[in-house]
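Enquirer: In the UniProt record's numbering, the protein residues as written are 1 to 653.
Cβ coordinates follow ideal geometry from the N, Cα and C atoms, glycine included.
All values derive from a computational prediction rather than experimental measurement.
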Amino acid sequence: MRNICRGMTEFQNAEFSVFSRSIGTGIAAINMDTWIWLDMDSSSFTVSFSLIYGKSIHHLIHTNNNKTINMPMLKDPSVKYKAFDPQLKLNDRQWPSKTLTKPPRWLSTDLRDGNQSLPDPMSIPEKKLYFKELLNIGFKEIEVAFPSASQIDFDFTRWCVENSPDDVSIQVLSPCRPELIKRTIESLKGAKRATVHIYLATSDCFRNVVFGMTHEETIEKATECTKLVRELTKDSIDDNYNKTYWSFEFSPETFSDTTPDFALKVCESVKNAWGPNIENPIIFNLPATVEMSTPNVYADQIEYFSRNISNRETICISLHPHNDRGCAVAAAELAQLGGADRVEGCLFGNGERTGNVDLVTLALNLYTQGIYPNLDFSNLENVIEVVEKCNKIPVHPRAPYGGQLVVCAFSGSHQDAIKKGFKKYQDKIKNNGDIKWSMPYLPLDPQDIGRNYEAIIRVNSQSGKGGASWIILRNLELDLPRGLQIDFSRRVQLESEWKGRELKTKEIIDLFKDKYYLYDENDENDNETVAMLDLFKLGNYNVTNEGKNRKIDALVSSKSKELQLNGNGNGPISALANSISTYFNVKYEVIHYNEHTLGKESNSKAVGYIGVRVADNEQIIWGVGIDEDVTEAGMIALINTLNGCIRDKLIRE
Ligand SMILES: [Zn+2]
1 MRNICRGMTE FQNAEFSVFS RSIGTGIAAI NMDTWIWLDM DSSSFTVSFS LIYGKSIHHL
61 IHTNNNKTIN MPMLKDPSVK YKAFDPQLKL NDRQWPSKTL TKPPRWLSTD LRDGNQSLPD
121 PMSIPEKKLY FKELLNIGFK EIEVAFPSAS QIDFDFTRWC VENSPDDVSI QVLSPCRPEL
181 IKRTIESLKG AKRATVHIYL ATSDCFRNVV FGMTHEETIE KATECTKLVR ELTKDSIDDN
241 YNKTYWSFEF SPETFSDTTP DFALKVCESV KNAWGPNIEN PIIFNLPATV EMSTPNVYAD
301 QIEYFSRNIS NRETICISLH PHNDRGCAVA AAELAQLGGA DRVEGCLFGN GERTGNVDLV
361 TLALNLYTQG IYPNLDFSNL ENVIEVVEKC NKIPVHPRAP YGGQLVVCAF SGSHQDAIKK
421 GFKKYQDKIK NNGDIKWSMP YLPLDPQDIG RNYEAIIRVN SQSGKGGASW IILRNLELDL
481 PRGLQIDFSR RVQLESEWKG RELKTKEIID LFKDKYYLYD ENDENDNETV AMLDLFKLGN
541 YNVTNEGKNR KIDALVSSKS KELQLNGNGN GPISALANSI STYFNVKYEV IHYNEHTLGK
601 ESNSKAVGYI GVRVADNEQI IWGVGIDEDV TEAGMIALIN TLNGCIRDKL IRE
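Listed below in structure tokens is the structure:
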């Protein structure tokens with residue numbers, strides 16, 4: 001087996017001829033999930049590998065003198081592939097009208113199924129790190145190794161046994177072979193809780209083709225091996241073994257391709273041999289070792305098993321769906337509706353070929369339906385870090401929940417909707433403490449899995465006004481008026497197009513400060529910029545009342561110039577605007593003015609936004625000002641519109 005594994009790897013490096021000589025023609029299991037057929041014709045130097053599943057043998061790769069021949073797609077694939085026949089008619093199926101109401105028992109097989117599928121398997125320190133992360137997440141059942149396969153697996157199992165909390169069951173896998181079962185159980189010596197998992201081929205293809213075993217022989221072998229496990233574990237008189245809380249798991253391989261009644265027959269016999277009870281049920285793991293059909297078929301198979309196995313209350317039905325057709329999550333969900341109690345899988349769907357079912361997605365799917373999954377992904381970023389470090393496979397940017405891009409909106413219309421959604425949500429919390437989540441485009445509050453809101457909206461050239469103004473709102477607390485949002489988004493779009501990429505938060509903030517001259521006097525860098533730009537600033541001013549009118553005298557100065565402005569208006573801002581108008585001899589009209597306070601404290605600052613039209617230009621020039629005094633914030637904003645007009649050459653100094 002090891003030779004074949006090595007051979008397959010070497011094959012990809014085109015060195016398989018060495019391997020083929022050592023094996024010859026034959027069939028072999030790489031593990032419980034993968035079987036290959038090797039055929040070598042030494043006279044023509046032709047080697048072919050076939051992947052076997054179901055009842056047929058699928059040609060995988062054909063090589064001749066180290067050249068791989070790729071078969072083209074067939075116009076009529078039915079000559080080569082036939083639709084899956086579940087051998088089951090379940091016309092009174094109950095699962096379609098059910099809903100998930102509770103989490104399943106979870107088993108992580110990251111360290112076994114997941115690890116064995118890695119191009120670059122985990123080192124021992126990586127396995128330990130991963131194991132600890134699984135404990136942090138809250139897994140109570142963890143399959144850690146195939147201890148009879150190697151000393152490394154054996155030793156790692158020992159480490160897990162010695163380092164796991166009392167309520168965690170260490171699970172290990174063994175084929176139905178007495179000497180391997182004995183070795184496997186030795187690895188669990190002294191465990192507080194342990195699950196022995198054995199598997200045997202029950203599908204016709206494997207039984208007949210691979211092992212040449214009859215139905216009766218298969219049942220006998222499964223039963224004998226179960227009795228052996230029982231003798232060495234829960235019936236043991238050895239003090240090293242009889243203090244452990246033993247569980248037992250049996251997998252009929254591959255369940256989804258096994259005649260349903262035969263799967264039941266084997267499991268009945270295994271169950272009688274083990275002698276389960278309600279408190280400690282026997283685990284029947286019913287794997288879709290290779291996903292062969294639509295998820296509803298798997299759900300039917302599970303429901304049929306669940307309805308027909310005797311003493312159902314002493315049985316835990318476990319799922320082990322692989323993702324060959326991309327439906328493992330759906331299959332696991334529907335099969336739970338069909339009666340399953342437990343799910344085996346891996347974080348982010350690692351595992352053989354297309355992987356095992358993704359436990360993160362399953363758990364968070366439950367969570368977003370209001371069901372606590374008993375797995376804690378509060379710090380999903382940390383989980384991702386550990387998974388990527390140990391598996392050396394990145395989590396896909398669009399992986400549900402965990403992908404870097406899944407809470408990000410780039411499109412303007414999505415951003416607008418999310419921005420409005422957040423405002424409504426925050427108002428709802430403020431008004432009546434209602435935290436019920438209802439957000440456009442976001443099925444889960446990113447904060448629940450430790451992601452911040454800043455990640456949600458990202459800005460590129462496709463983003464509209466919503467994106468950039470969201471960044472400004474989150475970072476500077478400025479709730480920009482609509483006209484200013486549009487004005488700023490044009491600038492952001494230009495910048496993003498020019499750079500040919502998404503803009504970072506800091507770039508957007510800097511762009512905003514530069515465009516609207518919103519500099520912080522306490523910031524050295526800002527002061528340098530101000531000095532360079534030679535901007536006008538509001539100096540001393542005096543406002544007097546003349547009936548309903550306000551008269552202003554203000555000193556407005558830059559490094560190189562001083563303007564003495566005087567004017568009248570119905571308020572200080574219009575008076576200042578009129579004084580600018582008079583000074584430069586141009587129509588200077590305030591089109592838009594609003595303000596709001598910044599921060600939550602009563603003594604906090606205010607921000608003013610002003611939009612002006614100069615002469616009869618279409619373009620509106622915007623200014624922003626911040627001050628302790630709300631009127632002065634508006635006046636600063638107005639002076640900044642003057643700076644903008646000079647920059648855009650709407651006014652000549
Ligand atoms: Zn598997």
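1. Would you check whether ligand 1 has a heavy atom nearer than 7 Å to the C-beta of T223?
2. Could you tell me whether any Cβ in chain D is nearer than 8 Å to the Cβ of N311?
3. Specify the secondary structure class of H396 as computed by DSSP and reduced to three states.
4. Run through DSSP, which three-state label would D110 get?
5. Is the beta carbon of E249 within less than 7 Å of some heavy atom of ligand 1?
6. Return yes when the C-beta of E352 is under 7 Å from any heavy atom of ligand 1, and no when it is not.
7. Please return the same chain residues whose Cβ sits closer than 7 Å to the Cβ of E303, not counting the five positions on each side in sequence.
8. When DSSP builds the beta bridges, which residues end up paired with P321?
9. Roughly how many angstroms separate the alpha carbons of G54 and P321, rounded to a whole number?
10. Compare the C-alpha of residue 664 against each of A633, G539, P260 and I142 and name the closest.
11. What number of angstroms, rounded off, separates the C-alpha of S42 from the C-alpha of P147?
12. If you draw a straight line from the alpha carbon of C225 to that of D434, how long is it in whole angstroms?
13. On the DSSP bridge list, what partners appear for P252?
14. Check whether the Cβ atoms of G599 and Y516 lie closer than 8 Å to each other.
15. Please classify R342: does DSSP put it in a helix, a strand, or coil?
16. Per DSSP, what kind of secondary structure is D92 in: helix, strand or coil?
17. So, at 8 Å on beta carbons, what are the nonlocal neighbours of Y453 in its own chain, with the 5 sequence-adjacent residues on each side left out?
18. Got a sec: does ligand 3 put a non-hydrogen atom nearer than 7 Å to the Cβ of H197?
19. Consider the C-beta atom of P175 and the heavy atoms of ligand 1; say whether any pair is separated by less than 7 Å.
20. Specify, as a first and last residue, the run of the beta strand (DSSP E) that A273 falls within.
21. Is P252 near ligand 1 - that is, is its Cβ less than 7 Å away from at least one heavy atom of it?
22. Look at the alpha carbon of L533 and the alpha carbon of R647, and state the distance between them as a whole number of angstroms.
23. What do you reckon, are the CB atoms on P295 and L334 nearer than 8 Å?
24. Between the alpha carbons of F248 and N460, how many angstroms are there, rounded?
25. Can you say whether M73 is buried or exposed, counting buried as having 16 or more other CB atoms within 10 angstroms of its CB?
26. When you compare each of E546, V530, S574 and Q426 to K559 by their alpha carbons, which one comes out closest?
27. Starting from S174, trace the alpha helix (DSSP H) both ways and give me its first and last residue.
28. Check for me: the alpha helix (DSSP H) holding L494 runs from which residue to which?
29. Return the first residue and the last residue of the alpha helix (DSSP H) that S574 is part of.
30. On the three-pair Cβ rule with 8 Å, is the segment 405-416 touching the segment 154-164?
31. DSSP three-state label for G409, please.
32. By Cβ distance below 7 Å, which residues in the same chain neighbour K80 in space, the five residues on each side in sequence not counted?
Expert: Let's see:
1. Outside the cutoff, so no.
2. In the displayed structure, chain D is absent; only one protein chain is listed.
3. Residue state, collapsed to three classes: coil.
4. If DSSP states are grouped into helix, strand and coil, D110 belongs with the helices.
5. Result no, Cβ not under 7 Å from ligand 1.
6. Yes, Cβ of E352 sits closer than 7 Å to a heavy atom of ligand 1.
7. Taken in chain order, the residues that qualify are L90, R93, Q94, W95, G338 and G339.
8. Per DSSP, A288.
9. Interpretation of G54 is limited by its pLDDT of 41, a score under 50 that renders its predicted location unreliable; no figure is taken from the coordinates.
10. Here the chain has residues from 1 to 653 only, and residue 664 is not among them.
11. Residue confidence for S42 is low, a pLDDT of 49 falling below 50, so the modelled location carries little weight; the figure read from the coordinates is stated next. Straight-line Cα distance between these residues: approximately 36 Å.
12. In a straight line, the C-alpha of C225 is about 57 Å away from that of D434.
13. Within the DSSP secondary-structure output, P252 pairs in a beta bridge with L200.
14. Contact flag unset, no.
15. In this structure, R342 counts as strand in the three-state DSSP scheme.
16. Coil at D92, not helix or strand.
17. Excluding positions up to five away in sequence, the list reads F422, P446, Q447 and R474.
18. Among the ligands modelled here, namely ligand 1, ligand 3 does not occur.
19. For ligand 1, not one heavy atom lies less than 7 Å from the Cβ of P175.
20. No beta strand (DSSP E) holds A273; the alpha helix (DSSP H) holding it covers P260 to W274.
21. Result no, Cβ not under 7 Å from ligand 1.
22. One C-alpha to the other measures close to 10 Å.
23. The beta carbons of P295 and L334 sit closer together than 8 Å.
24. In a straight line, the C-alpha of F248 is about 54 Å away from that of N460.
25. Flag for M73 reads exposed.
26. Answer by Cα proximity: V530.
27. S174 -> not in any alpha helix (DSSP H); beta strand (DSSP E) instead, spanning S169 to P175.
28. Its alpha helix (DSSP H) spans residues R482 to K499.
29. That run of the alpha helix (DSSP H) goes P572 to F584.
30. No, the segment 405-416 is not in contact with the segment 154-164.
31. Note on residue identity: the sequence assigns Ala, not Gly, to residue 409. In the structure shown, A409 sits in a strand (DSSP, three-state: E or B).
32. Contacts found: L74.
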